[in-house]
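Novice: Taken in order, these protein sequences are the chains called A and B. Note that the first sequence covers residues 1 to 111 in my numbering. Note that the second sequence covers residues 112 to 227 in my numbering. Where is the CB? At the ideal position from N, CA and C, for every residue including glycine. The structure that follows is given in the form of structure tokens.
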Amino acid sequence: GDSVTQMEGPVTLSEEAFLTINCTYTATGYPSLFWYVQYPGEGLQLLLKATKADDKGSNKGFEATYRKETTSFHLEKGSVQVSDSAVYFCALSDNAGKSTFGDGTTLTVKP
Amino acid sequence: GAGVSQTPSNKVTEKGKYVELRCDPISGHTALYWYRQSLGQGPEFLIYFQGTGAADDSGLPNDRFFAVRPEGSVSTLKIQRTERGDSAVYLCASSPRAGGPGNEQFFGPGTRLTVL
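In structure tokens form, the structure reads like this:
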């Protein structure tokens with residue numbers, strides 16, 4: 001079946017540091033790939049997505065590129081802020097919309 | 112507009128009891144999904160509805176779990192004879208349609224179920 005493996009956390013960075021959170025996946029067919037974010041006390045919300053190979057999703061300074069050859073969708077941000085502290089989930093969805101999530105990576109950004 | 116809402120936000124019950132968890136999706140969204148999230152893990156798919164029918168219930172762990180969506184809007188997840196292992200946050204999500212590339216799901220805040 002489909003699976004998503006995320007870089008284990010927690011990750012602690014200083015403000016303005018570079019962020020990478022690794023995500024690899026196993027899937028049949030051609031899934032869509034997503035990063036969701038959960039801020040403290042809030043529900044899951046979509047951060048960015050990509051629907052086919054070599055697509056780059058971006059939002060709020062975060063980027064991730066759909067790499068079919070390495071089955072990866074790593075999340076990056078050039079300069080993190082304290083407000084980026086949250087739990088980040090990588091996910092894939094099949095053509096029916098059924099989603100498979102990674103276990104989440106907790107990011108803490110210190111001033 | 113209003114997002115996905117779930118009630119109750121917290122539910123504490125005793126082992127062996129029956130519970131119902133409710134989800135109100137975003138108006139007009141035809142697809143509705145239920146997930147279960149245990150501590151330190153990502154959401155795990157349970158079931159999804161397209162309209163009133165359960166299109167895929169392959170994630171339901173056993174026959175103690177059942178979900179309905181009789182009018183194609185509100186959904187109820189029902190758990191019979193609860194066990195301590197059922198303790199988790201139950202998440203509901205909706206989307207304008209089921210499937211298709213890049214179909215975003217909109218999540219509710221979840222119901223935290225604790226079985227004593």
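Against B/Asp167, what residues of chain A qualify as contacts under a CB-to-CB distance less than 8 Å, listed in chain order?
Specialist: Simply Ala96, Lys98.
Novice: For A/Val34, which option in A/Gly102, A/Val109, A/Leu107 has the closest C-alpha, if you only look at C-alpha atoms?
Specialist: Position check: residue 34 of chain A holds Phe in this sequence, whereas Val was assumed. When each option's Cα is compared against that of A/Phe34, the closest is A/Gly102.
Novice: Taking A/Ser3 and A/Thr100 to be in contact with their CB atoms under 8 Å, please state how far apart those CB atoms are, rounded to whole angstroms.
Specialist: Between A/Thr100 and A/Ser3 the Cβ distance is about 6 Å, and since that is below 8 Å, they are a contact.
Novice: Run through chain D and tell me which residues come within less than 7 Å of A/Gly104, C-beta to C-beta.
Specialist: Of the chains in the structure shown, none is chain D; the protein chains are A and B.
Novice: Over the uninterrupted beta strand (DSSP E) stretch that includes A/Asn22, give me the two end residues.
Specialist: Segment: none, A/Asn22 is in no beta strand (DSSP E) and carries neither H nor E.
Novice: In terms of alpha-carbon separation, which member of A/Tyr66, A/Lys52, A/Thr51, A/Leu47 lies closest to A/Asn59?
Specialist: Nearest option by C-alpha distance: A/Leu47.
Novice: What residue from A/Pro111, A/Gln6, A/Gln81, A/Thr70 has the CA that sits closest to A/Tyr36's CA?
Specialist: Taking only the C-alpha atoms, the option nearest A/Tyr36 is A/Gln6.
Novice: On the criterion of 16 or more Cβ atoms from any shown chain inside 10 Å, does B/Asp174 qualify as buried, or is it exposed?
Specialist: With fewer than 16 other Cβ atoms within 10 Å, it is exposed.
Novice: Please classify A/Val82: does DSSP put it in a helix, a strand, or coil?
Specialist: Three-state DSSP puts A/Val82 in a helix.
Novice: What are the residues that DSSP puts in a beta bridge with B/Ile158?
Specialist: The partner list for B/Ile158 (beta bridge, DSSP) reads B/Trp145.
Novice: 9 Å is my cut-off, CB to CB: does B/Pro172 come that close to chain A?
Specialist: So, not an interface residue.
Novice: Tell me whether the region 189 to 206 of chain B and the region 71 to 84 of chain A touch, counting them as touching only if at least three CB pairs, one residue from each stretch, are closer than 8 Å.
Specialist: Contact fails: fewer than three Cβ-Cβ distances are below 8 Å.
Novice: Along the region 206 to 222 of chain B, what residues have a CB closer than 9 Å to any CB found in chain A?
Specialist: Listed in sequence order: Ser206, Arg208, Ala209, Gly210, Gly211, Pro212, Gly213, Asn214, Glu215, Gln216, Phe217, Phe218, Gly219, Pro220, Gly221.
Novice: Going by the CB atoms, is the gap between B/Leu157 and B/Pro136 shorter than 9 Å?
Specialist: Not in contact: B/Pro136 and B/Leu157 (Cβ atoms no closer than 9 Å).
Novice: Under a Cβ-count criterion, where at least 16 other Cβ atoms within 10 Å of its own Cβ denotes burial, should B/Asn121 be classed as buried or exposed?
Specialist: That one is exposed.
Novice: Taking the runs of the beta strand (DSSP E) that are 3 residues or longer, which of them lie wholly in the region 152 to 226 of chain B?
Specialist: Counting only runs of 3 or more, we get 155 to 161, 164 to 167, 176 to 179, 186 to 190, 199 to 206, 222 to 226.
Novice: State yes or no: is the C-beta of B/Leu143 nearer than 8 Å to some heavy atom of the ligand GDP?
Specialist: Looking at this structure, you won't find the ligand GDP or any other ligand, since it has none at all.
Novice: Determine the closest residue to B/Lys189 out of B/Thr222, B/Ser138, B/Pro212, B/Pro154, with distance taken between C-alpha atoms.
Specialist: Selected option, being the one with the closest Cα: B/Thr222.
Novice: Among the residues of its own chain, which have a CB less than 7 Å from the CB of B/Ala166, if the five just before and after it don't count?
Specialist: If we look at B/Ala166 and ignore the five residues flanking it on each side, its Cβ neighbours are Tyr159, Phe160, Ala209.
Novice: DSSP puts B/Asn121 in a beta bridge; with which residues?
Specialist: According to DSSP, which records beta bridges pairwise, B/Asn121 is partnered with B/Arg223.
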